[in-house]
Amino acid sequence: MRASRHARHLPVRLAPLLLGGCSGAPSRSLLGAYFPSWMLCAFGGVLLALLLRQLLVLAGIEALLPAPLLVHLASATAFAFALWLLWLA
């Protein structure tokens, strides 16, 4: 009986620890408007992935990719994460 009461109150006791990370997202002022930093990093990652695609097409490697959509999605994600780490870390 006693253990079940403690287990029942566990989420209430852990909630303040989880809510500590709910601070505001980092944002940047861009032409007077505030944009979330993750959005700018995602946009930069997509632009860099498009640039990488053009380089792969020029080099003739694009046709050799087994799953081009997945490769470009992964490269956009990797570029976005790298921008996030370089810019905000």
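Residue numbers (full-length UniProt numbering): 1 to 89.
Even glycine gets a Cβ: it sits at the ideal position worked out from N, Cα and C.
Bear in mind the structure is a predicted one, so any value in this text is a computation, not a measurement.
>> Under DSSP, the beta strand (DSSP E) around Gly36 begins and ends at which residues?
In response: Here residue 36 refers to the residue found at position 36 of the sequence shown. Residue identity check: residue 36 is Pro in the sequence provided, not Gly. Per DSSP, Pro36 belongs to the beta strand (DSSP E) from 33 to 36.
>> I believe Leu40 touches Ser75 by the beta-carbon criterion, under 8 Å. Please report the beta-carbon distance rounded to the nearest angstrom.
In response: The residue you call residue 40 lines up with position 40 of the sequence shown. The residue you call residue 75 lines up with position 75 of the sequence shown. Wrong, their Cβ atoms sit about 18 Å apart, outside the cutoff.
>> Suppose only complete runs of 4+ residues qualify. What are the alpha helix (DSSP H) ranges in the stretch 43 to 87, listed by chain order?
In response: With a minimum length of 4 residues, no continuous alpha helix (DSSP H) run stays inside the stretch 43 to 87.
> If you draw a straight line from the C-alpha of Ser29 to the C-alpha of Pro11, how long is it?
Replying inline: Locating residue 29 in the sequence shown gives position 29, where the first residue counts as 1. Locating residue 11 in the sequence shown gives position 11, where the first residue counts as 1. So the two alpha carbons sit approximately 38 Å from each other.
> CA-CA distance, Leu64 and Val57?
Replying inline: Stepping through the sequence shown from its first residue, residue 64 is reached at position 64. Stepping through the sequence shown from its first residue, residue 57 is reached at position 57. Their Cα atoms are separated by approximately 10 Å.
> For Arg28, which beta-bridge partners are listed by DSSP?
Replying inline: The residue given as residue 28 occupies position 28 in the sequence shown. Note: Arg28 sits in a beta bridge opposite Phe35.
> Would Ala49 be called buried (16 or more neighbouring beta carbons within 10 Å of its own) or exposed?
Replying inline: Stepping through the sequence shown from its first residue, residue 49 is reached at position 49. In this structure Ala49 is buried. Its beta-carbon is surrounded by 16 or more other beta-carbon atoms within 10 angstroms.
>> Measuring straight from C-alpha to C-alpha, what distance separates Gly45 and Gly60?
In response: The residue you call residue 45 lines up with position 45 of the sequence shown. The residue you call residue 60 lines up with position 60 of the sequence shown. Taking C-alpha positions only, Gly45 is separated from Gly60 by approximately 22 Å.
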